[in-house]
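Numbered by our numbering, the letters in the sequence shown go through residues -5 to 99 in order.
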Amino acid sequence: MKATYRFSQASLALFLLLATGYPIAGSAQGTQQGFVKIFDGKTLKNWEGDPTYWRVENGNLVGEITPATLLKTNSFIIWRGGEPGNFELKGEFNITTDGNSGINY
């Protein structure tokens, strides 16, 4: 059984922010006024994570664990695109029943 985590662009960017605080954008369709987009929906530019588990798929940041890629320790994806300041967290995410996830900032 595989555990798949799929996130919308805004959700994913926010969901996996470790040590961030940048204002985050809405969806790929456009940036909400006053927010800065940190995930382009196409690449992992400015993000640090093990590509064994993390990828971009259909505009979403995806974290996936399969029987062939079981974790021995936690795996994080971290935004490294700047020095964040004050922020507002907005997000949506999907997670499987067996999923184990969280938000660190």
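Glycine included, C-beta positions come from ideal geometry on N, C-alpha and C. As the structure is a prediction and not an experimental result, all values here were calculated from the model.
Asked                                                                                                                                                                                  : Found
Could you tell me which residues DSSP puts in a beta bridge with Glu42?                                                                                                                : Ile72
Between the stretch 33 to 53 and the stretch 84 to 97, are three or more C-beta pairs nearer than 8 Å?                                                                                 : no
Would you call the CB atoms of Trp48 and Gly35 closer than 8 Å?                                                                                                                        : no
Rounded to whole angstroms, what's the CA-CA distance from Ile32 to Asn52? Just pull it up for me.                                                                                     : 17 Å
Can you list, in chain order, the residues of its chain with a C-beta nearer than 8 Å to that of Leu65? Leave out the 5 residues immediately preceding and following it.               : Tyr47 and Ile59
Please work out which residues of its chain come closer than 6 Å, Cβ to Cβ, to Ser69, disregarding the five sequence neighbours upstream and downstream, and give them in chain order. : Asp44 and Tyr47
Determine the direct distance from the alpha carbon of Ile72 to that of Pro78, and round the result to whole angstroms.                                                                : 12 Å
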